[in-house]
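*Asks:* Be aware that the sequence shown starts at 1, since it is given in the UniProt record's numbering, and climbs by one per residue.
Ideal Cβ placement from N, Cα and C applies to all residues, glycine included.
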Amino acid sequence: MEHDGVESEEKRLNNLKAVFVNDPKLSDLKHLLSSNGFRAEFSSGVLYVNNVASIRRNEAGRFHVEGCASEDYYKIRDIVYAQFAVV
């Protein structure tokens with residue numbers, strides 16, 4: 001019976017969604033990315049970085065990082081994610 005409890009707990013933990021804690025502003029991200037050697041500029045409320053990624057907030061305040069898979073994209077994404085605590 002204990003084995004079933006362990007599997008059940010593992011399934012429950014696997015179904016949990018990560019919660020990102022912090023509320024940086026796009027202007028903070030622009031400064032941070034610029035200080036890491038990226039060219040970042042705003043246009044119509046969207047932060048464009050090195051012409052390979054865009055960062056925007058939706059109506060719910062969630063960040064969206066979009067771009068083509070590339071070394072720069074993953075570096076940019078990692079910098080953005082590092083601004084949050086994941087619980």
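Assuming Val65 and Ala82 are in contact, meaning their beta carbons sit under 8 Å apart, how far apart are those beta carbons, in whole angstroms?
*Replies:* Incorrect: roughly 12 Å between the Cβ atoms, too far for contact.
*Asks:* Quick check on the DSSP output: what are the complete alpha helix (DSSP H) runs of length 4 or more inside the segment 18–61, in order along the chain?
*Replies:* Residue ranges of uninterrupted alpha helix (DSSP H) with 4 or more members, entirely inside the segment 18–61 and ordered along the chain, are 26–35.
*Asks:* Taking Cβ to Cβ, would you say Arg56 is nearer than 8 Å to Val49?
*Replies:* no
*Asks:* Confirm, please, whether the CB-CB distance from Phe42 to Lys30 is below 8 Å.
*Replies:* Going by C-beta atoms, Lys30 is nearer than 8 Å to Phe42.
*Asks:* Among Ser34, Phe38, Ala60 and Ser27, which residue has its Cα nearest to the Cα of Glu71?
*Replies:* Phe38
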